[in-house]
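J.: Quick one: the structure is below, questions incoming.
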């Protein structure tokens, strides 16, 4: 029976370059992954440039592409997507930022960009939302906690522009930077002024907050500064269901991926213990995806840990986590009526600890696909597959065609 | 010696998805096709998205692409191309329709959308051409018979638009629909009025025509209603010879393909017994193509039957017809000075009885091509070929380069 549902499993940063610690293999090549290999053997494989050959994707632009939304048309910066992911209801035109709680010393220099990786900022965030007042500028705002030391800010009001620099010096030991408009448009000047004022008022509230008094008493760095970055204006996204005729859910720990899902109208399904690290609750996420497929025709499931290990340069840990992922996939092997797609969103070579443009492996598995000869899921073997080399933007059209939801062009 | 001619053999709807009746193989994979396999072994193979990955092509948009004409720029609906195929001389600006002779009952409902698959409508068509008068609207028209119950209509006159709905209810037992403009532009309103008037006057002529009296007497459904659809304005097509420097012919039973060929200035070569079905005169078509190559440098040869079997969901019949095609290709194996290209125009999986976006196999055979390791012509094996995965629009440029008719870009 033709598949009628799509499970898009994105293994974040899964692909790599040859690693010395692994005898010149990639973590994916070195890993024992019987489930992924079976999916590859039964499916049709290929390699994919999530944006285009040689273009190093961010997680935001790559996920937009994988969902069939051309980032060149709809990407307006990371801030508004992070803000959506943190739970702020972003309307077109609002200006979004991602941010960190940080520690500033008495000398006016940033001592810790993550405020000792503070875990819970709910009280601090609430105090800032209550206490800061930007009405003098005609600006209202929403400030929300993210995971750990992270947070998101959204500004609304007339005449606000998105073109402002960050106050994050990016290195400890330096003073925070000034927010500056990058154009001479009054809208951008106004946003820079609002950010400056917001951070100034927030600092006063944080400095004297009981949470920080307790942190100081315990010898922990206080969360007494906000660093904001990724400014962008919220754009308009055609809803997924209107575009494709099917509705969907997103399961992800990374707020950015949650935000992208929400931007296109996917419902976020939280999973207990999903952390985005190599310690995440993999079985819980897989089970949630299987459950969602009973009521939705599309599920985006993002597993982040391999990307984290790569950013830390840990090839062995990455290989181990890939093997853990593989064991968790058993419930997906016999999904009914479902097209299962497994791919990366970008490569993150441990050798460079950053995203790279190397293509990612991709497999499409389910009724109707043209099984090829590839029986191994890795960066090299998949290049021999029946899909050839495709673009991220082609993935949703191909998948929709396989579940017979594609429109005919012509007669 | 470098080839100087191109034979483009389009096996309509040849490619498929795995078929249960064939043990999970596609009809092409299951078929014994020694000629096609030899062409693949000697040629360079690949897979091709005739439009783009995931885009489900119509036969019109795919053939335009294969001829190197971007349908996104030149496709204006199927009607004008069908009208050309039926022999109407379409000038830019004329409005074309495809149509059916149908049977309407005394209760005003469509009883048979194909009027009992009436075979010859020449007399009825001539009576309508003589008898209908649209001069009150300032409109002239050409009405021509197509194959079997089919026909085509072209309207000309100033101020006619192409945006009108069809009167075809698509299901028997329903009354015919009204022609309606889909915009509020006066041009489209005028076309809707002309269609309504044309069908009304034609019905009066058909009702009392001796051919229908005889059909009624024999207990056959009368052809007493016209259903029109596929409205489009005839566009401008740069002539093939002006664009490529070589002239060509088209050999096809499908009026649509004949019309596309004529739109770009290919000469249509009729072949006795060419029906577009699995019973077609294959040897006659191949012989005609070989003859044409003696006086032309380009021939488009379309063989339609596999697509018909697919639309009927008949995988075994499709496999059998593919084997019949293969036997007919023997005269093509030793063509001199000719680049032979064999490909599909789109996939038509028997499992869905409709076109799909799955890529089609393609092989280019002749002096100068880089023979790869592929020695089997099917959807999966060709993916391993030296062409990789290409687009339909790239095919003519590649072929022209191989016959040394490509222009250098740069110096």
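Protein chains in written order, with my numbering: chain U, 1 to 411; chain L, 1001 to 1411. We put the CB at the ideal spot given by N, CA and C, even for glycine. In this text, all values refer to a predicted model and were calculated from it rather than measured experimentally.
1. Closer than 9 Å by beta-carbon distance: list the chain U residues that pair up with residue 1204/L, in chain order.
2. Name the chain L residues that come within less than 8 Å of residue 390/U, Cβ to Cβ?
3. Bridge partners of residue 267/U, per DSSP?
4. For residue 167/U versus residue 181/U, is the C-beta distance shorter than 8 Å?
5. Output, in sequence order along the chain, the residues in the stretch 353-385 of chain U whose CB is closer than 9 Å to any CB in chain L.
6. Pairs of beta-carbons, one from the stretch 1352-1360 of chain L and one from the stretch 1013-1020 of chain L, closer than 8 Å: are there three or more?
7. Let's see if you can read the secondary structure: which residues bound the beta strand (DSSP E) around residue 156/U?
8. I'd like the list of long-range same chain contacts for residue 1306/L, defined as Cβ closer than 7 Å, with 5 residues on each side in sequence excluded.
9. Just to confirm my understanding: we take residue 123/U, look at its own chain, exclude 5 residues before and 5 after, and list those with CB closer than 7 Å. What are they?
10. Are residue 1227/L and residue 1100/L close, meaning C-beta to C-beta below 8 Å?
11. I'd like to know whether the C-beta atoms of residue 144/U and residue 74/U end up nearer to each other than 8 Å.
12. Tell me, please, whether the CB atom of residue 1244/L is closer than 8 Å to any CB atom in chain U?
13. Taking 7 Å as the cut-off, is the beta-carbon of residue 225/U closer than that to any non-hydrogen atom of the ligand MN?
14. Report yes or no: do three or more beta-carbon pairs, one from the stretch 1154-1161 of chain L and one from the stretch 1098-1113 of chain L, lie closer than 8 Å?
15. Measure the alpha-carbon distance for residue 216/U versus residue 141/U and round it to whole angstroms.
16. Residues of chain U with a CB under 8 Å from the CB of residue 1182/L: which are they?
17. Using the Cα positions of residue 384/U and residue 46/U, report the straight-line distance between them to the nearest angstrom.
18. Which chain U residues are close to residue 1061/L, counting only those with a beta carbon under 7 Å from its beta carbon?
19. Tell me whether residue 1184/L is buried or exposed, calling it buried when 16 or more other Cβ atoms sit within 10 Å of its Cβ.
20. Compile a chain-ordered list of the residues in the stretch 1151-1171 of chain L whose CB is closer than 9 Å to at least one CB of chain U.
21. On a CA-only basis, which of 107/U, 175/U, 232/U and 29/U is nearest residue 191/U? Give me that one, please.
22. Comparing alpha-carbon positions, which option in 1410/L, 1345/L and 1324/L lies nearest residue 1036/L?
23. Hey, how far is the Cα of residue 53/U from the Cα of residue 1409/L?
24. In whole angstroms, what is the alpha-carbon distance linking residue 117/U and residue 261/U?
25. Shortest alpha-carbon distance to residue 1084/L belongs to which of 1208/L, 1235/L, 1194/L and 1397/L?
26. Against residue 404/U, what residues of chain L qualify as contacts under a CB-to-CB distance less than 7 Å, listed in chain order?
27. Starting from the C-beta of residue 1337/L, find all residues in its chain whose C-beta is less than 7 Å away, skip the five residues before and the five after it, and write them out in chain order.
28. Within the continuous beta strand (DSSP E) that includes residue 1274/L, where are the two ends?
29. Can you tell me the Cβ-Cβ gap for residue 1375/L and residue 1040/L, rounded? I've got them flagged as a contact below 8 Å.
30. I'd like to confirm the pairing. Which residues does DSSP put opposite residue 1071/L in its beta bridges?
31. Our contact map puts residue 1043/L next to residue 1299/L with C-beta atoms below 8 Å; I'd like the distance itself, whole angstroms only.
32. Note down, in chain order, every chain U residue with its Cβ under 7 Å from the Cβ of residue 1069/L.
33. Going by other Cβ atoms of all chains shown within 10 Å of its Cβ, with 16 needed for buried, is residue 1309/L buried or exposed?
34. Considering only C-alpha positions, which residue in the set 1393/L, 1097/L and 1254/L is nearest to residue 1148/L?
35. Touch check for the stretch 384-396 of chain U and the stretch 19-29 of chain U: three-plus C-beta pairs under 8 Å?
36. Taking residue 394/U as the query, report the chain L residues whose CB atoms sit under 8 Å from its CB, ordered along the chain.
T.: Quick look at the numbers:
1. Start at 1 with the first residue of the second chain, and residue 1204/L comes out as number 204. Correct list: empty, because the minimum Cβ distance to chain U is about 30 Å.
2. Here residue 390/U refers to the residue found at position 390 when the first chain is read from its first residue. The answer, in chain order, is 1053 and 1389.
3. Counting from one through the first chain, the residue named residue 267/U turns up at place 267. Paired residues: 249/U.
4. Position 167 of the first chain, counted from the start, is the residue given in the question as residue 167/U. Position 181 of the first chain, counted from the start, is the residue given in the question as residue 181/U. Going by C-beta atoms, residue 167/U is not nearer than 8 Å to residue 181/U.
5. 367, 368, 369, 370, 371, 372, 373, 384 and 385
6. yes
7. The sequence position of residue 156/U within the first chain is 156, counting from 1. Looking at the DSSP string, the run of the beta strand (DSSP E) that includes residue 156/U is 150-156.
8. Indexing the second chain from 1 puts residue 1306/L at position 306. 1011, 1012, 1013, 1014, 1318, 1321 and 1322.
9. Taking the first residue of the first chain as position 1, residue 123/U is located at position 123. These residues qualify, in order along the chain: 211.
10. Counted from its first residue, the second chain places residue 1227/L at position 227. Counted from its first residue, the second chain places residue 1100/L at position 100. Yes. Within cutoff.
11. Locating residue 144/U in the first chain gives position 144, counting from the first residue. Locating residue 74/U in the first chain gives position 74, counting from the first residue. In this structure, residue 74/U does not lie closer than 8 Å to residue 144/U by Cβ.
12. Within the second chain, numbered from 1, the residue matching residue 1244/L stands at position 244. No, residue 1244/L does not count as interfacial toward chain U.
13. Inclusion of the ligand MN in the displayed structure is not the case, the ligand content being empty and no account of it being possible.
14. no
15. Counting from 1 along the first chain, the entry for residue 216/U is found at position 216. Counting from 1 along the first chain, the entry for residue 141/U is found at position 141. For residue 216/U and residue 141/U, the distance between alpha carbons rounds to 29 Å.
16. Translated into the one-based positions of the second chain, residue 1182/L becomes position 182. Under the 8 Å cutoff, chain U gives no residues; its nearest Cβ is about 16 Å from residue 1182/L.
17. By 1-based counting over the first chain, the position of residue 384/U is 384. By 1-based counting over the first chain, the position of residue 46/U is 46. Computed Cα separation, rounded: 7 Å.
18. Walking along the second chain from the start, residue 1061/L turns up at place 61. What residue 1061/L touches in chain U: 409 and 410.
19. Working through the second chain from its first residue, we reach residue 1184/L at position 184. It counts as exposed.
20. none
21. If you number the first chain from 1, residue 191/U lands on position 191. Selected option, being the one with the closest Cα: 232/U.
22. Counting from one through the second chain, the residue named residue 1036/L turns up at place 36. When each option's Cα is compared against that of residue 1036/L, the closest is 1324/L.
23. Here residue 53/U refers to the residue found at position 53 when the first chain is read from its first residue. Here residue 1409/L refers to the residue found at position 409 when the second chain is read from its first residue. Going by the C-alpha atoms only, they are around 22 Å apart.
24. Residue mapping note: residue 117/U aligns to position 117 of the first chain, counting from 1. Residue mapping note: residue 261/U aligns to position 261 of the first chain, counting from 1. Spanning the two alpha carbons is a distance of roughly 26 Å.
25. Residue mapping note: residue 1084/L aligns to position 84 of the second chain, counting from 1. Checked all of 1208/L, 1235/L, 1194/L and 1397/L; the closest Cα to residue 1084/L is 1235/L.
26. Start at 1 with the first residue of the first chain, and residue 404/U comes out as number 404. Those are 1352, listed as they occur along chain L.
27. As a working mapping, residue 1337/L is identified with position 337 in the second chain. Only 1001, 1003, 1004 and 1005 meet the Cβ criterion.
28. Stepping through the second chain from its first residue, residue 1274/L is reached at position 274. Where residue 1274/L is concerned, there is no enclosing beta strand (DSSP E), given that its DSSP letter is neither H nor E.
29. Taking the first residue of the second chain as position 1, residue 1375/L is located at position 375. Taking the first residue of the second chain as position 1, residue 1040/L is located at position 40. Right, their Cβ atoms sit about 6 Å apart.
30. Taking the second chain and counting its residues from 1, the one referred to as residue 1071/L is at position 71. According to DSSP, residue 1071/L bridges with nothing at all.
31. Indexing the second chain from 1 puts residue 1043/L at position 43. Indexing the second chain from 1 puts residue 1299/L at position 299. Not confirmed; about 17 Å, so no contact.
32. Walking along the second chain from the start, residue 1069/L turns up at place 69. The contacting residues do not exist; residue 1069/L stays about 12 Å from chain U at best.
33. The residue you call residue 1309/L lines up with position 309 of the second chain. Looking at its Cβ environment, which holds 16 or more other Cβ atoms inside 10 Å, residue 1309/L is buried.
34. Indexing the second chain from 1 puts residue 1148/L at position 148. Here the closest residue by C-alpha is 1254/L.
35. no
36. Your numbering for residue 394/U matches position 394 in the first chain. Chain L residues near residue 394/U: 1052, 1053 and 1054.
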